[in-house]
Amino acid sequence: AQSVTQLGSHVSVSEGALVLLRCNYSSSVPPYLFWYVQYPNQGLQLLLKYTSAATLVKGINGFEAEFKKSETSFHLTKPSAHMSDAAEYFCAVTWGGGNKLTFGTGTQLKVEL
Amino acid sequence: EAGVTQFPSHSVIEKGQTVTLRCDPISGHDNLYWYRRVMGKEIKFLLHFVKESKQDESGMPNNRFLAERTGGTYSTLKVQPAELEDSGVYFCASSQGQASSYEQYFGPGTRLTVT
Chain A
73 AQSVTQLGSH VSVSEGALVL LRCNYSSSVP PYLFWYVQYP NQGLQLLLKY
123 TSAATLVKGI NGFEAEFKKS ETSFHLTKPS AHMSDAAEYF CAVTWGGGNK
173 LTFGTGTQLK VEL
Chain B
33 EAGVTQFPSH SVIEKGQTVT LRCDPISGHD NLYWYRRVMG KEIKFLLHFV
83 KESKQDESGM PNNRFLAERT GGTYSTLKVQ PAELEDSGVY FCASSQGQAS
133 SYEQYFGPGT RLTVT
């Protein structure tokens, strides 16, 4: 079965440090890849998406992700963490142009002073 | 423009009772989705409406769950009778189109607790 794996349910970084959230997928067909963020008491908000154009995708709030087909990965990065980045992040995938999202288990990002 | 809204935000019911969750999509969005997150696990797809028709209900857990979207506007998700394993956060999302290029906009979710 096709799946999404997010390594690390909790990640803690210092303010100003690099943020790296990992996402790997298993797929036999080209995927569409997404990163969503959920702030407390809010709905999921789309950070960025990959839909087979440029492999390096830039999103909102300074986040970006790189699609690496050979590694079946779509890791999310931000050069310098800010306190406001503390939230839960979800990697999600659809396949074959469909729109049913398959999510990873989420990564809770904590940013410390 | 108002986002996706869901009601109630929290619901606590006893096993065997009935609960109805409501979702109001963004105006003009024909596509409406329900997802669920059981504690500690991933968000899982339940079903997809296009207007008032069920396009895909492959994720519905069992026949205790009934989703409707009369008139192609708001949607309800009824759980009857509720079981303990139904506890979780139920998310609704809407989009303008069906293709993956269309963003799904999510509501804040309804947290359901079955005791």
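Top line first, the protein sequences correspond to chains A and B.
Numbers 73 to 185, taken from this note's numbering, label the letters of the first sequence in order.
Numbers 33 to 147, taken from this note's numbering, label the letters of the second sequence in order.
Note that beta-carbon positions come from the ideal geometry of N, C-alpha and C, so glycine has one too.
{"Item": "Suppose you measure from the CA of Val110/B to the CA of Leu185/A; what does that come to, to the nearest Å?", "Value": "In the sequence as displayed, the identity of residue 110/B is Lys instead of Val. Lys110/B and Leu185/A: Cα-Cα distance of roughly 44 Å."}
{"Item": "By Cβ distance, which residues of its chain are closer than 8 Å to Arg96/B, with the 5 residues on each side in sequence left out?", "Value": "Val111, Gln112, Pro113, Ala114, Glu115, Asp118"}
{"Item": "Secondary structure at Ile132/A, three-state DSSP: helix, strand or coil?", "Value": "helix"}
{"Item": "What residue range does the beta strand (DSSP E) around Leu109/B cover?", "Value": "107-111"}
{"Item": "Is Ile58/B close to chain A, meaning its C-beta is less than 7 Å from at least one C-beta of that chain?", "Value": "no"}
{"Item": "Using alpha carbons as the reference points, say which of Arg54/B, Gly35/B, Gly48/B lies closest to Arg143/B.", "Value": "Arg54/B"}
{"Item": "Identify the continuous beta strand (DSSP E) that holds Asp56/B and give its terminal residues.", "Value": "51-56"}
{"Item": "Between which two residues does the beta strand (DSSP E) carrying Pro103/A extend?", "Value": "103-110"}
{"Item": "Quick one, which residues of the segment 72-96 of chain B are near chain A if we go by CB-CB under 7 Å, in chain order?", "Value": "Lys73, Glu74, Ile75, Phe77, His80, Asp88"}
{"Item": "Taking all protein chains shown into account, decide if His80/B is buried (16 or more other Cβ within 10 angstroms of its Cβ) or exposed.", "Value": "buried"}
{"Item": "Can you tell me the Cα-Cα spacing of Gly139/B and Trp66/B, whole angstroms?", "Value": "10 Å"}
{"Item": "Using the beta-carbon of each residue, which ones in chain A are nearer than 7 Å to Glu135/B?", "Value": "Leu118"}
{"Item": "According to DSSP, is Lys141/A helix, strand or coil?", "Value": "helix"}
{"Item": "By Cβ distance, which residues of its chain are closer than 7 Å to Glu138/A, with the 5 residues on each side in sequence left out?", "Value": "Thr127, Leu128, His147"}
{"Item": "Using beta carbons (cut-off 7 Å, strictly below), is Gln180/A in contact with chain B?", "Value": "no"}
{"Item": "Do Thr145/B and Val44/B come within 7 Å of each other at the CB atom, strictly closer than that value?", "Value": "yes"}
{"Item": "Does the beta carbon of Gly88/A come closer than 7 Å to any beta carbon on chain B?", "Value": "no"}
{"Item": "By a C-beta neighbour count over all protein chains shown, 10 Å radius and 16 as the cutoff for buried, is Ser152/A buried or exposed?", "Value": "exposed"}
{"Item": "Decide yes or no for the touch test of the segment 74-88 of chain A against the segment 172-181 of chain A: beta carbon pairs closer than 8 Å, at least 3 of them.", "Value": "yes"}
{"Item": "Taking 8 Å as the cut-off, does the segment 114-125 of chain A touch the segment 88-97 of chain A (at least 3 CB pairs, one atom from each stretch)?", "Value": "no"}
{"Item": "Could you confirm whether any beta carbon from chain A is found closer than 7 Å to the beta carbon of Phe39/B?", "Value": "no"}
{"Item": "Going by beta-carbon coordinates alone, are Gln78/A and Cys163/A separated by less than 7 Å?", "Value": "yes"}
{"Item": "Under 7 Å, do Thr147/B and Glu84/B count as touching if we go by C-beta distance?", "Value": "no"}
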